[in-house]
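In the numbering used here, the protein residues as written are 80 to 384.
Where is the CB? At the ideal position from N, CA and C, for every residue including glycine.
All figures in this text were calculated on a predicted structure; none of them were measured in a lab.
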């Protein structure tokens with residue numbers, strides 16, 4: 080079995096998935112939590128006989144007396160626990176208390192389970208820091224891999240290993256984000272700081288898989304680089320690491336699936352992101368990172384002639 084031949088099919092597939100994910104990131108884009116957008120989030124448990132639409136209609140018809148400013152557009156979503164999440168503009172404490180008093184109508188009282196408010200300045204700062212975290216992690220990986228693979232045969236550039244690994248990382252992150260944009264259409268999922276932590280964890284897992292394969296490629300280049308082509312060495316290295324990589328991925332998935340079904344609701348999206356990233360990261364180690372390494376080296380050889 081030749082992985083490089085199979086990559087002729089999988090590389091175009093990856094390009095389509097990445098292009099589709101980028102399109103989804105631009106329009107409609109991910110749903111950000113109030114940690115990034117700023118605003119107020121209220122979780123409410125409704126009494127018997129009252130629906131989410133009743134709650135939203137009542138909230139939208141309310142104007143706080145303390146400010147005289149209507150609540151404006153209110154985003155709502157039902158949770159698996161039967162509660163309702165309301166997201167709206169920033170509310171002061173006085174406006175929040177007035178809203179609760181307004182919603183407390185009739186003999187059956189609503190129950191507020193969560194009240195969170197974050198200013199827009201804090202949200203914008205968090206969004207910028209999250210972006211920088213991903214960029215700095217990618218650059219650090221390039222430098223680390225270039226240093227780790229500096230002792231390779233002269234015909235190979237150590238930077239090509241870093242470049243190929245980061246291309247695979249970007250591939251994994253973009254597709255994972257695209258998958259979760261689609262998930263956000265049908266669920267209450269929103270991009271928050273925990274999800275960004277999951278993306279960074281995916282980067283770490285993906286680069287770990289890639290380093291194992293690249294290390295085998297380096298070893299085979301040292302011993303057989305003079306009598307074998309780079310394509311042959313890469314294919315053989317992928318076959319030699321196949322069992323280890325698949326076993327590691329399956330073991331990680333078993334643990335993550337158990338956590339997904341039995342862990343707390345608050346970290347379920349985090350676990351699901353790791354599951355998606357583990358699958359995509361294992362795939363990209365074979366069909367993105369290694370073919371990119373071969374392509375980069377061929378391009379380097381052509382440009383040096």
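Quiz item: What number of angstroms, rounded off, separates the C-alpha of residue 303 from the C-alpha of residue 319?
Solution: Between the alpha carbons of residue 303 and residue 319 lies a distance of about 15 Å.
Self-check item: Inter-residue spacing [alpha-carbon to alpha-carbon] between residue 136 and residue 157
Solution: 15 Å
Quiz item: By Cβ distance, which residues of its chain are closer than 8 Å to residue 88, with the 5 residues on each side in sequence left out?
Solution: none
Quiz item: How is residue 350 classed by DSSP in three states: helix, strand or coil?
Solution: helix
Self-check item: Where residue 161 falls, given that 16 or more other Cβ within 10 Å makes a residue buried
Solution: Counting of Cβ neighbours within 10 angstroms places residue 161 among the exposed residues, the total staying below 16.
Quiz item: Count the other CB atoms within 10 Å of the CB of residue 186; is the residue buried (16 or more) or exposed (fewer)?
Solution: Low confidence applies here, because residue 186 scores a pLDDT of 49, under 50, leaving its location unreliable; read the following figure in that light. Looking at its Cβ environment, which holds fewer than 16 other Cβ atoms inside 10 Å, residue 186 is exposed.
Self-check item: C-alpha gap between residue 374 and residue 266, whole angstroms
Solution: 40 Å
Practice problem: Work out the CA separation of residue 172 and residue 402 for me, nearest whole Å. | Solution: The question about residue 402 has no answer here: the residues shown for the chain are numbered 80 through 384.
Practice problem: Can you grab the Cα-Cα spacing for the pair residue 196 / residue 138, in whole Å? | Solution: 17 Å
Exercise. Using three-state DSSP, classify residue 177 as helix, strand or coil.
Key: helix
Quiz prompt | With 16 other Cβ atoms within 10 Å as the buried cut-off, status of residue 253 | solution = The residue is buried, with at least 16 neighbouring Cβ atoms inside 10 Å.
Quiz item: Is it the case that the Cβ atoms of residue 163 and residue 182 are separated by a distance below 8 Å?
Solution: no
Quiz item: What are the residues that DSSP puts in a beta bridge with residue 167?
Solution: 119
Self-check item: Residues that residue 154 bridges to, as DSSP identifies them
Solution: 166
Quiz item: Is residue 214 buried or exposed, if buried means 16 or more other CB atoms sit within 10 Å of its CB?
Solution: exposed
Self-check item: Contact set for residue 330: own chain, Cβ-Cβ below 6 Å, skip 5 residues either direction
Solution: Nothing meets the Cβ criterion.
Practice problem: Go ahead and label residue 314 buried or exposed: buried means 16 or more other beta carbons lie within 10 angstroms of its beta carbon, across all protein chains shown. | Solution: buried
Quiz prompt | Cβ contact check for the segment 287 to 301 and the segment 349 to 367: 3 or more pairs under 8 Å | solution = By the Cβ rule, the segment 287 to 301 counts as touching the segment 349 to 367, because three or more pairs are nearer than 8 Å.
Self-check item: Identified DSSP bridge partners for residue 190
Solution: Answer is 124.
Practice problem: Locate the alpha helix (DSSP H) running through residue 263, then write down its first and last residues. | Solution: Segment 237 to 265, the alpha helix (DSSP H) holding residue 263.
Quiz prompt | Check whether residue 269 and residue 129 have beta carbons under 8 Å apart | solution = no
Quiz item: Are the Cβ atoms of residue 247 and residue 352 separated by less than 8 Å?
Solution: Contact: no.
Exercise. Assign residue 370 to one of two classes, buried (16 or more other C-beta atoms within 10 Å of its C-beta) or exposed (fewer than that).
Key: buried
Quiz item: Looking at the structure shown, is residue 195 part of a helix, part of a strand, or coil, going by DSSP?
Solution: strand
Quiz prompt | Residue of 170, 117, 274 minimising C-alpha distance to residue 210 | solution = The shortest CA-to-CA distance from residue 210 to any of 170, 117, 274 is the one to 274.
Quiz item: Can you give the Cα-Cα distance for residue 310 and residue 82, rounded to whole angstroms?
Solution: 10 Å
Practice problem: With DSSP collapsed to three states, give me the class of residue 341. | Solution: helix
Quiz item: Buried or exposed: residue 283, going by 16 or more other Cβ atoms within 10 Å of its Cβ?
Solution: Burial call: exposed.
Quiz item: Does the beta-carbon of residue 381 have 16 or more other beta-carbons within 10 angstroms, so that it is buried, or is it exposed?
Solution: exposed
Quiz item: Going by other Cβ atoms of all chains shown within 10 Å of its Cβ, with 16 needed for buried, is residue 142 buried or exposed?
Solution: exposed
Quiz item: Near residue 221, what residues of its chain come up, given a Cβ to Cβ distance below 6 Å and the 5 sequence neighbours on each side ignored?
Solution: Same-chain partners within the cutoff: 241, 245.
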